[in-house]
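The numbering of the sequence shown is our numbering, which starts it at 10 and goes up by one.
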Amino acid sequence: MAKTIVEQIMAAHLVSGELVPGAEVALKIDHTLTQDATGTLAYLEFEAMGVARAKPEVAVSFVDHNLPQTDFRNADDHRFLRTVAAKYGLYFSPPGNGISHQVHLERFSAPGKTLLGSDSHTPTAGGGGMLAFGAGGLDVALALAGQPFYLVMPEIIGVKLIGRLRPWTAAKDVILELLRRLTVKGGRGKILEFFGPALRYLSVPERASITNMGAELGATTSIFPSDAQTRKFLQMQGRKADFQPVQAQGRPRYAEVLVIDLDKLEPLIAQPSSPDRVAPVKDLAGTPVEQVLIGSCANSSLRDLMIVSQALKGRRVHPGVSLEINPGSRQVLENLILAGGLLPLLEAGARVMPPGCWGCIGMGQAPPTNAVSVRTFPRNFPGRSGTKDDKVYLSSPETAVAAAIFGELRDPRDLGDYPRLPAPRRFVVAGGGIIPPPPAGAAGEVVRGPNIVPFPQLTPLPETWRGEVWLKVGDNVTTDDILPAGSQILPLRSNLPAISQYAFTRLDPEFPSRVQGKAGEGAIIGGENYGQGSSREHAALAPRYLGVRVKLVKTFARIHLANLINFGILPLTFENPADYALLTQGQTLELPGVKQLLLDGAERLPLKVGDREIWVRVDLSARQRRLVAVGGALNLAREA
Ligand code: MIC
Ligand code: SF4
Numbered sequence: 010m011a012k013t014i015v016e017q018i019m020a021a022h023l024v025s026g027e028l029v030p031g032a033e034v035a036l037k038i039d040h041t042l043t044q045d046a047t048g049t050l051a052y053l054e055f056e057a058m059g060v061a062r063a064k065p066e067v068a069v070s071f072v073d074h075n076l077p078q079t080d081f082r083n084a085d086d087h088r089f090l091r092t093v094a095a096k097y098g099l100y101f102s103p104p105g106n107g108i109s110h111q112v113h114l115e116r117f118s119a120p121g122k123t124l125l126g127s128d129s130h131t132p133t134a135g136g137g138g139m140l141a142f143g144a145g146g147l148d149v150a151l152a153l154a155g156q157p158f159y160l161v162m163p164e165i166i167g168v169k170l171i172g173r174l175r176p177w178t179a180a181k182d183v184i185l186e187l188l189r190r191l192t193v194k195g196g197r198g199k200i201l202e203f204f205g206p207a208l209r210y211l212s213v214p215e216r217a218s219i220t221n222m223g224a225e226l227g228a229t230t231s232i233f234p235s236d237a238q239t240r241k242f243l244q245m246q247g248r249k250a251d252f253q254p255v256q257a258q259g260r261p262r263y264a265e266v267l268v269i270d271l272d273k274l275e276p277l278i279a280q281p282s283s284p285d286r287v288a289p290v291k292d293l294a295g296t297p298v299e300q301v302l303i304g305s306c307a308n309s310s311l312r313d314l315m316i317v318s319q320a321l322k323g324r325r326v327h328p329g330v331s332l333e334i335n336p337g338s339r340q341v342l343e344n345l346i347l348a349g350g351l352l353p354l355l356e357a358g359a360r361v362m363p364p365g366c367w368g369c370i371g372m373g374q375a376p377p378t379n380a381v382s383v384r385t386f387p388r389n390f391p392g393r394s395g396t397k398d399d400k401v402y403l404s405s406p407e408t409a410v411a412a413a414i415f416g417e418l419r420d421p422r423d424l425g426d427y428p429r430l431p432a433p434r435r436f437v438v439a440g441g442g443i444i445p446p447p448p449a450g451a452a453g454e455v456v457r458g459p460n461i462v463p464f465p466q467l468t469p470l471p472e473t474w475r476g477e478v479w480l481k482v483g484d485n486v487t488t489d490d491i492l493p494a495g496s497q498i499l500p501l502r503s504n505l506p507a508i509s510q511y512a513f514t515r516l517d518p519e520f521p522s523r524v525q526g527k528a529g530e531g532a533i534i535g536g537e538n539y540g541q542g543s544s545r546e547h548a549a550l551a552p553r554y555l556g557v558r559v560k561l562v563k564t565f566a567r568i569h570l571a572n573l574i575n576f577g578i579l580p581l582t583f584e585n586p587a588d589y590a591l592l593t594q595g596q597t598l599e600l601p602g603v604k605q606l607l608l609d610g611a612e613r614l615p616l617k618v619g620d621r622e623i624w625v626r627v628d629l630s631a632r633q634r635r636l637v638a639v640g641g642a643l644n645l646a647r648e649a
């Protein structure tokens, strides 16, 4: 029988449910990953579950987001993560070892297996044939405890790639083309499965650039088959034994098929401040550029850095540009050095950082006021760079290096002949960096510093809920808007009372002071694709901590919705989207008998808005309804 890759992997991991789009399914998880900015909370939650040792085949705790250790708080978090990993039997990838997604692909990816990660770009591993999902930290903690991962079965979309990339166009242009066509909400409720004759020419790191930014489409995940390219990659990593072929069987029926002809693709760029504002670079040629950043989980493989280095050979960075390189991993940096790629970068005037996320999450590398910054990163949401009213463009390394050389946006084809890239038969895979789990019982105790504040107790949903509209926002609000990151806020990820002081401050600087100390609870009103972007569960928890109990929007982004449910926030959607216009800040709201209605499975609820009444929808499974009613997943675990 014809079967997609996704159906085959899901069938092999199915714990409960049916593989029918829209139904809730539970999947067994083989690998987990966390990063420091979401990991501290995830491990506090895992500890609260009282499980002695992590259950997945492979569980890795990475430190990549917040690296500078500017004070004790950051260093405390790193030590906490290292000691938790040792105690519970996880691999630990310390600061400087690289970005979780790049390192997981290199060192652990295994075709046909499932991966759950507390970071929205976890689908990067789909480039290596894994079925990989981003999730909130609590879902990852549950997977660490051996629980399955619940998700609503998405539709499976086929993306057929034909032709072959032309010189100076790159895999990044493939995903930018998809963003141009589908927008940041076009992938909601969908998994993208790639196939077609062009796959023969796309290496695993190139495929990973594509699956990585499937997250920007709002897709549940993206996946490539495991084929000769996958075998070659694993061989180069010295992991031939991990190869498993994974191919679609027969001619599967996709819900929809999109075709991209790579021969026709030209260098593209996403304009400020959304990854879907895509245009051909040549249409923007001449725009002055002052900063170019190469790196991130989308584009920091050896190939990506080598093309930049080779293009710079014998040239200099334009004097008006700051060119900065953030290698994806220690391994990439080592192989770059061995291939002779580091010297041309340094000679041309580039600044090379230790491997990590850096400016992608606003940890340094903020652009100057009013300057254009071109980045090979996945996201350019407003202000994420750390500079107010920033002008961040997203492109391939090819387009980015052209901007660094010319000092303005230019079609990289203006650089002349495409350089020959070295094709090593094997990567050097040094053992340095990753710390394997010690044998059970061999590790000492978990060490906690004063910045690591225990998790608060969350109250259950009342029988009848009464509250007030605390804030109304528009479409495509990101989790960066709900709870920003950056150098000031990232050190507070393990300190909920402190971090909640930043909730919604991008949209309303007074929000925390305005609502704190109010006697009752609040609701947030939103538009389409509410909560897109990062998986940070702090974006659910911080508002919850301040008293937000209800979110009423037109549509939710998947990971944020799961996080709201996990922390006992009631997610509602408008039955009639036009009712959005009726709601204003300060109105009183009432949901009569909501708790019982929720537990009884009601799909619509009456909502009193002042002296009017409207209908709102609750699209939740029985499991999710219980979670919301008891006040979140940790309360449920405590009840059990
Ligand atoms: C991001 O790219 O937005 C992040 C920072 O990696 C987040 C995780 C976080 O906020 O810690 C993500 O992608 O989930
Ligand atoms: Fe790190 Fe940026 Fe990737 Fe997020 S998108 S994991 S911040 S490199």
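Glycine included, every Cβ here is placed at the ideal spot set by N, Cα and C.
Quiz item: How would you label residue 564, buried or exposed, when you count the other beta carbons within 10 angstroms and need 16 or more for buried?
Solution: buried
Quiz item: Taking the DSSP output, what are the residues bridged to residue 650?
Solution: Limits of the chain in this structure are 10 at one end and 649 at the other, which puts residue 650 out of reach.
Practice problem: Return the Cβ separation of residue 212 and residue 121 in integer angstroms, given the expectation that the two are a contact with Cβ distance under 8 Å. | Solution: Actually they are not in contact, since the Cβ atoms of residue 212 and residue 121 sit about 19 Å apart, beyond 8 Å.
Exercise. Would you mind stating whether residue 364 and residue 341 have Cβ atoms separated by less than 9 Å?
Key: yes
Quiz item: Taking 8 Å as the cut-off, does the CB of residue 108 come closer than this to any heavy atom belonging to the ligand SF4?
Solution: yes
Quiz item: Candidates 109, 68, 17, 105: which alpha carbon is nearest residue 94's?
Solution: 68
Quiz item: Alpha carbon to alpha carbon, what distance is there between residue 409 and residue 265?
Solution: 33 Å
Practice problem: Compute the distance between the beta-carbons of residue 105 and residue 442, then report whether it is under 9 Å. | Solution: yes
Quiz prompt | Span separating the alpha-carbon of residue 509 from that of residue 144 | solution = 20 Å
Exercise. Buried or exposed for residue 450, please, with buried defined as at least 16 other CB atoms from any protein chain shown within 10 angstroms of its CB.
Key: exposed
Quiz prompt | Extent of the continuous beta strand (DSSP E) run through residue 158 | solution = 158-161
Quiz item: Cβ of residue 545 within 8 Å of any heavy atom in the ligand MIC?
Solution: yes
Exercise. Could you pull the start and end residues of the alpha helix (DSSP H) that residue 74 belongs to?
Key: Premise fails: residue 74 is in no alpha helix (DSSP H) and is neither H nor E.
Exercise. Report whether the distance from the Cβ of residue 387 to the nearest heavy atom of the ligand SF4 is below 8 Å.
Key: yes
Quiz item: To which residues does DSSP link residue 588 through a beta bridge?
Solution: According to DSSP, which records beta bridges pairwise, residue 588 is partnered with nothing at all.
Quiz item: Grouping DSSP H, G and I as helix and E and B as strand, with all else coil, what is residue 133?
Solution: helix
Self-check item: Span separating the alpha-carbon of residue 299 from that of residue 117
Solution: 37 Å
Quiz item: Closest to residue 537 by CA distance: which of 346, 338, 583 is it?
Solution: 583
Quiz item: Nearest-angstrom Cα distance between residue 3 and residue 470?
Solution: No information on residue 3 is available, as it lies outside the stretch 10 to 649 that the chain covers here.
Quiz item: To the nearest angstrom, how far is it from the Cα of residue 356 to the Cα of residue 532?
Solution: 55 Å
Exercise. Run through the region 498-541 for me and flag every whole beta strand (DSSP E) of 3 or more residues, listed as ranges in chain order.
Key: 530-534
Exercise. Flag residue 44 as yes when its Cβ comes closer than 8 Å to any non-hydrogen atom of the ligand SF4, and as no otherwise.
Key: yes
Quiz item: Can residue 569 be considered in contact with the ligand SF4, in the sense that its beta carbon sits closer than 8 Å to one or more heavy atoms?
Solution: no
Quiz item: What separation, rounded to the nearest whole angstrom, lies between the Cα atoms of residue 369 and residue 489?
Solution: 12 Å
Self-check item: Completely contained beta strand (DSSP E) runs for the region 124-211, where each covers 3 or more residues
Solution: 140-143, 158-161, 164-171, 199-204
Quiz item: For residue 282, is the beta carbon positioned less than 8 Å from some heavy atom of the ligand MIC?
Solution: no
Quiz item: Who are the near neighbours of residue 125 in its chain, counting only those whose CB is closer than 6 Å to its CB and skipping five residues on each side?
Solution: 38, 41, 142, 144, 149, 152, 158
Practice problem: Determine the DSSP secondary structure at residue 565, reduced to helix, strand or coil. | Solution: strand
Practice problem: Would you identify the three-state DSSP class for residue 37, choosing helix, strand or coil? | Solution: coil
Quiz item: Any chance the CB of residue 130 is under 8 Å from a heavy atom of the ligand MIC?
Solution: yes
Quiz item: Sorted by chain position, which residues of the same chain lie with C-beta nearer than 8 Å to residue 256's C-beta, five sequence neighbours on each side aside?
Solution: 14, 234, 235, 236
Practice problem: Report all residues from its chain with a CB closer than 6 Å to the CB of residue 174; omit the five preceding and five following residues, and keep chain order. | Solution: 271
Quiz item: Measuring CA to CA, which of 397, 648, 17, 309 is closest to residue 181?
Solution: 309
Quiz item: When we look at the beta-carbon of residue 379 and count the other beta-carbons within 10 Å, is it buried (16 or more) or exposed?
Solution: exposed
Quiz item: For the candidate residues 552, 593, 588, whose alpha-carbon lies nearest to that of residue 573?
Solution: 552
Quiz item: Distance, Cα to Cα, residue 604 vs residue 473?
Solution: 7 Å
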